[in-house]
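These notes are about the structure you will find just below.
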Amino acid sequence: MPFSTLALKSTNDLLHTERNFGPNATMKELAHAAYFDRVNLSANGFYKTPDIGYTWGPNTGQMFFYFTQGVTASEVEIDTLTGDWTCLRSDIKMDVGRSINPSIDYGQIEGAFVQGMGLFTTEESLWFRAGPMAGQLATRGPGAYKIPGFRDIPQQFNVSLLKGVEWEELKTIQRSRGVGEPPLFMGSAVFFAIRDALKAARKEYGVTAEIGEDIKGGGLLRLESPATPERIRISCADPILKRAEVKPKEGEKSFFMMEARRAHNPEVPRSKLGLAKSSSLLEGLVELLVFDEGCGGVRGEVVAISGYISTFFFLGAELGIAKLKGTRL
């Protein structure tokens, strides 16, 4: 039997069931009757996006049916002693067209933004360099790398949708736009805010340009993503870090490899890659964080940095920080 005949028969069966109950029948009554009359209430369909057809060679045609735009501004605060950071505020404005359900769209924007924060700041991929698991991914899930938590959410989080636009040229369902994934990249605003804060911290220590100057005459800073606390702490380039810097011995390699480029370039100092040997760096920091009654001390937990894995070792002790001449702690 042709598909069109089957579809027509199913529609007729459904109309027959509805007529028996009248126009005031509830959905429950109709569904119950359709079930016992063996009338299928499901429907299948396929959607083909119109007006697209990109050709790679001559670079012609339209690749996407529409675009989802947005803008984000984030303010962060970094701890130059530990490499920890806090997102003080994030403001997001998204163009989702004519929103069908704003409540869902707001949740999608907030969730994708926080997921993007994790992508650019905490979720670090590490692969085993040698041994029986050589080349395999070591960070396979939330138990091996840090995903964003409640404390990572911006302290002030403002999300709004673009309104007052007709979107006359948008030929989508009710002129809406997809919003599930586009806001993810907006998490990069936190990453770049961290980089700007690092440039300000380095300027206080007299360290400016690293790989050149920007259009404003300020120093350019190479900060690889994700901006883990290890990389943030090392990028501060303060006197404490210089005293605790560990240089690799000849032929020494890290336990993990960050990416293929580093694996094939073992001569690059790990201090520049954020891969200082964890035990030596830990000892160096503890040596600097000895208790000195003369300086009054600093109470609370101190975070030591492990360069092998993106993990913090919390020293549950009261340690003081010896004052260093000309160093702002």
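Position in the sequence shown counted from 1, then plus 7, gives you the working numbering.
Glycine included, every Cβ here is placed at the ideal spot set by N, Cα and C.
Predicted model, so just to flag it, every value in this text is computed and none were measured.
- Ranking Val121, Phe71 and Lys210 by CA distance to the CA of valine 166 puts Val121 first.
- Your pair valine 83 and valine 197 checks out as a contact, with CB atoms roughly 6 Å apart and the cut at 8 Å.
- A straight line joining the alpha-carbon of proline 233 with that of leucine 88 spans about 19 Å.
- Comparing alpha carbon positions, the residue from Thr235, Ala119, Pro189 and Asp159 closest to tyrosine 73 is Pro189.
- Just so you know, the alpha carbons of phenylalanine 157 and proline 109 end up roughly 23 Å apart.
- Between aspartate 86 and glutamine 69, the C-beta spacing is not below 8 Å.
- Under the three-state reduction of DSSP output, arginine 96 falls in the strand class.
- Per DSSP, threonine 67 is not a residue of any beta strand (DSSP E), being assigned neither H nor E.
- Boundaries of the alpha helix (DSSP H) around glutamine 122: 109-128.
- Secondary structure note for phenylalanine 198: its alpha helix (DSSP H) is the uninterrupted segment 195-211.
- Taking the Cα of glutamate 176 as reference, the smallest distance to any Cα among Lys260, Arg105, Arg250 and Phe192 is reached at Arg105.
- Between phenylalanine 127 and serine 81, the CB-CB gap reaches or exceeds 8 Å.
- Closest option to glycine 187, judged by alpha-carbon separation, among Gly90, Gly114 and Pro246: Gly114.
- Distance from leucine 228 to arginine 250 at the Cβ level is roughly 21 Å; contact not present, criterion being Cβ atoms closer than 8 Å.
- Here the alpha carbon of valine 103 sits roughly 12 Å from the alpha carbon of isoleucine 111.
- Residue state for serine 49 is assigned as coil, using DSSP reduced to three classes.
- Where alanine 151 is concerned, there is no enclosing alpha helix (DSSP H), because DSSP gives it neither an H nor an E.
- Secondary structure note for alanine 80: its beta strand (DSSP E) is the uninterrupted segment 76-85.
- Annotated three-state conformation of serine 232 is coil, per DSSP.
- Leucine 230 sits away from arginine 240, with the two beta carbons spaced by 8 Å or more.
- For leucine 168, the uninterrupted beta strand (DSSP E) segment begins and ends at 163-168.
- Selection Ile99, Leu48, Val46 and Gln76 evaluated against glutamine 163 yields Ile99 as nearest (Cα-Cα).
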